């Protein structure tokens, strides 16, 4: 029996906490238990889950589907700068943009485009540069090389001596890479649309022989953790609550001098409207709470300006590379520290994460048996039927905040560095085939995550050595995504101490 116990957020002041037990396919049961019992059950939970952390040694593995969530390529600063002409010259020529857009069509909702987000930028700011366009073409070429079929369907192991069919590649000679097997979505930002168009140029260098739709419908509302407005009315209040926790407030006080010093050094470089830009988790400006006290730019603004200037050797003389690193490190720490809380992670990214899991679940249900096909033509027709149901490759063009949000809601290891321009989170659906089973009839499905080629382990599931799992069962991942979470008041000011909760896809404030 597999018992998964989800532990609600609690503080040391609270004598008990609610936990949920899930036994096989039954619905979660919520109970209240004392802290010592909770610790014992947590240990049992890890022991129970660890035996399911790897495929059977005698099985073969087949890559069934790949989801790629990528950050856009290099861009100009979102914050307006004084030297507008310089930044305009960094952009690709119109005929280049027309070239990468050829063969693609944009799908927007009937009611029109989305409400403009503060991070879209204006004029030449917040736009994909020529450098960024070339980065994305290279990413497309890399994906083509990694996923494209080889001429010999050999087996390769995954490093743990687990054999992969077709050398771990997604496409084969009988189901090659083709636009009809690819689904593309993007946020409705010019830089993300152009980025995925450039990626498709690298993925299909000979020009796609079928049109490719780029779905932009409502993606600005759930592809990013800080949509404007938020998905839930209470999310901004939750962000503010989490950002005021003592350890975050202490860190802010320690770095306040750095924020002011960097803001002062950048002041002569900022353009009109620079101080009105507002975006980021826990950093959006509240128009109703204006203060006469001199305030530094938000950390997210400082980081994005410094990165753009530093990469072009344009830092003001008063700032150093160490300053750039200190600001970038603090922004990464702030984002992870807030988004790692499961209530905020679910509020911000549950809809997108659920969509990814549902895509894989639909693909896993496609259990066609091709062994009885009498000829190659029938096999190809069968593959085309599969393609119409669920694509093999799904590409999502988004932002660094998207990647951070997904790493947190999926409970993956934190990368050593902030995802740079063109970074890609790859989510692989892997079918486990027992000896003697027909191809594509998997006995179980697993999911593996990697960022820029580095495998990210899942911190919520451990292997037999109590190490985070490199692959997780798809069904368990779906259960984890739908699990409930609670946030309690640190001081237990009210009777229950419950401040926020996440349940059944809804954020509630208590």
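Numbering (our numbering), first residue to last: 4 to 513.
Glycine included, each C-beta is placed from N, C-alpha and C at the ideal position.
These figures come from a predicted structure and were not determined experimentally.
Nearest by alpha-carbon distance to residue 344: which of 488, 76 and 91 is it?
488
Would you report the Cα separation of residue 262 and residue 299, rounded to the nearest angstrom?
6 angstroms
Rounded to a whole number of angstroms, what is the C-alpha to C-alpha distance between residue 312 and residue 276?
18 angstroms
Own chain, CB closer than 7 angstroms to residue 223, minus 5 neighbours either side, in chain order
117, 120, 190, 191 and 230
Go ahead and label residue 89 buried or exposed: buried means 16 or more other beta carbons lie within 10 angstroms of its beta carbon, across all protein chains shown.
exposed
Thinking residue 435 and residue 58 are a contact (beta carbons under 8 angstroms), I'd like their distance in whole angstroms, please.
5 angstroms
Helix or strand or just coil, what does DSSP make of residue 491?
strand
For residue 64 and residue 176, which I take to be in contact (beta-carbon distance under 8 angstroms), what is that distance rounded to the nearest angstrom?
The Cβ separation is near 19 angstroms, so there is no contact.
Closest by C-alpha distance to residue 357, when choosing among 481, 234 and 449:
481
Give the straight-line distance between the Cα atoms of residue 339 and residue 417, rounded to the nearest whole angstrom.
8 angstroms
Could you spell out where the alpha helix (DSSP H) holding residue 403 opens and where it closes?
403-412
Select from 77, 193 and 82 the residue whose C-alpha is nearest the C-alpha of residue 137.
77
Please work out which residues of its chain come closer than 6 angstroms, Cβ to Cβ, to residue 582, disregarding the five sequence neighbours upstream and downstream, and give them in chain order.
With the chain covering 4 to 513 only, the question about residue 582 has no answer from this structure.
With residue 230 as the anchor, note down where its alpha helix (DSSP H) starts and where it stops.
Here residue 230 belongs to no alpha helix (DSSP H), and DSSP marks it neither H nor E.
Are the Cβ atoms of residue 85 and residue 203 separated by less than 8 angstroms?
no
If we call anything under 8 angstroms between Cβ atoms a contact, is residue 355 one with residue 122?
no
Around the Cβ of residue 420, are there at least 16 other Cβ atoms within 10 angstroms (buried) or fewer (exposed)?
exposed
Can you list, in chain order, the residues of its chain whose CB lies under 8 angstroms from that of residue 218, leaving out five sequence neighbours each side?
110, 186, 187, 188 and 189
Pick out the complete beta strand (DSSP E) segments inside the region 79-153, 3 residues or longer, and give them in chain order.
107-110
For residue 462, three-class secondary structure by DSSP:
strand
Anyone know if the C-beta pair for residue 225 and residue 510 falls short of 8 angstroms?
no
Would you tell me roughly how many angstroms separate the C-alpha atoms of residue 324 and residue 310, rounded to the nearest one?
10 angstroms
Considering only their Cβ atoms, is the gap separating residue 195 from residue 128 smaller than 8 angstroms?
no
If you draw a straight line from the alpha carbon of residue 317 to that of residue 336, how long is it in whole angstroms?
25 angstroms
Suppose contacts are defined by Cβ-Cβ distances below 8 angstroms. Is residue 193 in contact with residue 131 by that definition?
yes
Mapping the DSSP letters down to three states, classify residue 449 as helix, strand or coil.
strand
Classify residue 328: buried if its beta carbon has 16 or more other beta carbons within 10 angstroms, exposed otherwise.
exposed
Exposed unless 16 or more other CB atoms sit within 10 angstroms - verdict on residue 513
exposed
Are at least three pairs of beta-carbons, each pair with one atom in the region 346-353 and one in the region 465-477, less than 8 angstroms apart?
no
Residue 98, buried or exposed, once every other Cβ within 10 Å from all chains shown has been counted against 16
exposed
Tell whether a beta-carbon distance below 8 angstroms holds between residue 475 and residue 461.
yes
At which residues does the beta strand (DSSP E) containing residue 218 begin and terminate?
215-218
Do residue 364 and residue 477 come within 8 angstroms of each other at the CB atom, strictly closer than that value?
yes
Residues in its own chain within less than 6 angstroms of residue 405 by CB, not counting five upstream and five downstream?
226 and 227
Assuming residue 400 and residue 75 form a contact by the criterion Cβ under 8 angstroms, report the distance between their Cβ atoms to the nearest whole angstrom.
7 angstroms
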